[in-house]
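Notes for the one structure printed next.
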Amino acid sequence: KIKERRRVSVIIFNQKLIPLRQRKLDILSVLRKAVRDESMVKVHYQPIIDMQDHHIIAAEALMRIEDERLGMISPGEFIPAAEMAGLISPLTEIIIRKVCTLLKTHEQQTSHLSHISINISADDLNSSEFAHRILDVIEQTRVDARKLSFEVTESVLLSPSDSVQKNWNAFSERGIHFLLDDFGTGYSNLETLVSKPFDFVKLDRSVVSNATNNYELLVLIAGMLKYLGKSMVAEGVETEEQLQMVKGQGIQFVQGYYFSKPVPEAQLLAWLSGNLRINPKV
Ligand code: C2E
Ligand code: MG
Ligand code: MG
Ligand code: MG
361 KIKERRRVSV
371 IIFNQKLIPL
381 RQRKLDILSV
391 LRKAVRDESM
401 VKVHYQPIID
411 MQDHHIIAAE
421 ALMRIEDERL
431 GMISPGEFIP
441 AAEMAGLISP
451 LTEIIIRKVC
461 TLLKTHEQQT
471 SHLSHISINI
481 SADDLNSSEF
491 AHRILDVIEQ
501 TRVDARKLSF
511 EVTESVLLSP
521 SDSVQKNWNA
531 FSERGIHFLL
541 DDFGTGYSNL
551 ETLVSKPFDF
561 VKLDRSVVSN
571 ATNNYELLVL
581 IAGMLKYLGK
591 SMVAEGVETE
601 EQLQMVKGQG
611 IQFVQGYYFS
621 KPVPEAQLLA
631 WLSGNLRINP
641 KV
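Under UniProt numbering, the very last position in the sequence shown is 642; numbers go up by exactly one each time.
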């Protein structure tokens, strides 16, 4: 009797798992295809606005993968899978090559930008070849390295290997800046802030969206970063109210749907050509 019941429950459990498992397998096969077929890898750009003049000062490159069958897949779904499958490094290289090509092909429009930032993963920084490969791409495309910056989360720095340090130094020597991403979530190790030479800190969207209920946290974090002399970017600003709170804390750079979602290259270039204020409300 007991045996029978167990068997039934196991079957039901498995059936529920099938669609989820299948989706994961599909994504893995799409990722494997994408590293061989760069045309499936798309870069969208989200403008970063300088509050001093309300112009686009920088942009963040955000990866999407487009598959014939699965459509456009978002990084929330495929980045963890790519990291687990060891496929992130080739994807990072593809993104950087595409960003460099944009910078070179549209040198004049992108001259308005202080930089384009790219998210990089722990695997990238831990690979002894990373800086070498990326600096090669930069050289081949003849881009000014200082036009690139890298966003890392502190989890990347939790187990700092020799390679992390060497890669970091190689990039820093070329004038590539590092931004600490998603600050104010997870552990938000204060030691990371003090011991690593981050030029910019990006306040996580959750800090901004909670600011209406938890204003003190925003005040505390912004005050501390100001004290440490860090430039701040507020992520995920969606409303006028959030914008006012962020500005009230002296945060100079803002990114979020209030101004723009991540957009295709053509839209970014159109904005840069017109040097437009992208939100006429402010
Ligand atoms: P992130 O680096 O924190 O990037 C910001 C994410 O917040 C983006 O999501 C962006 O679309 C979203 N966002 C920006 N403003 C708003 C807003 O006002 N409201 C809301 N609800 N969301 C906003 P996305 O593009 O889906 O990327 C998710 C995460 O995936 C990124 O978080 C980043 O950690 C990772 N990712 C994206 N592209 C890459 C990449 O090329 N390489 C690596 N390693 N990771 C990437
Ligand atoms: Mg980021
Ligand atoms: Mg990130
Ligand atoms: Mg972030």
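Where is the CB? At the ideal position from N, CA and C, for every residue including glycine.
Which parts of the segment 544-612 are runs of the alpha helix (DSSP H), unbroken and 4 residues or longer, counting only runs that do not cross its ends?
550-555, 565-569, 575-587, 600-608
Restricting to runs no shorter than 3 residues, where is the beta strand (DSSP E) found entirely within the segment 483-531?
508-512
Check whether the Cβ of residue 644 lies closer than 7 Å to any heavy atom of ligand 2, and answer yes or no.
Residue 644 falls outside the range modelled here, since the chain spans only 361 to 642, and no answer is possible.
Could you tell me the distance, in whole angstroms, from the CA atom of residue 645 to the CA atom of Ser449?
Lying outside 361 to 642, the shown extent of the chain, residue 645 is not represented and no answer is given.
On the criterion of 16 or more Cβ atoms from any shown chain inside 10 Å, does Glu625 qualify as buried, or is it exposed?
buried
C-alpha gap between Met592 and Leu603, whole angstroms
14 Å
Find the nearest neighbour of Ser620 within the set Arg392, Ala418, Val390, Val459, judged by alpha-carbon distance.
Ala418
Taking 7 Å as the line, does the beta carbon of Lys562 fall inside it for any heavy atom of ligand 4?
Taken from the Cβ of Lys562, at least one heavy atom of ligand 4 lies inside 7 Å.
Just to confirm my understanding: we take Pro622, look at its own chain, exclude 5 residues before and 5 after, and list those with CB closer than 8 Å. What are they?
His404, Tyr405, Gln406, Glu420, Leu422
What residues match up with His475 in a beta bridge as DSSP calls it?
His475 is bridged to Ala418.
So Ile416 and Met400 are in contact, right, with Cβ under 8 Å, and what is the actual spacing, rounded?
That belief does not hold up - the Cβ atoms of Ile416 and Met400 are roughly 28 Å apart, past 8 Å.
Glu420 beta carbon near ligand 1 (any heavy atom closer than 7 Å)
Yes, the Cβ of Glu420 comes within 7 Å of a heavy atom of ligand 1.
Under 8 Å between C-beta atoms of Leu485 and Val516:
yes
Supposed contact pair Ile387 and Ala441 - C-beta distance, whole angstroms, cut 8 Å:
5 Å
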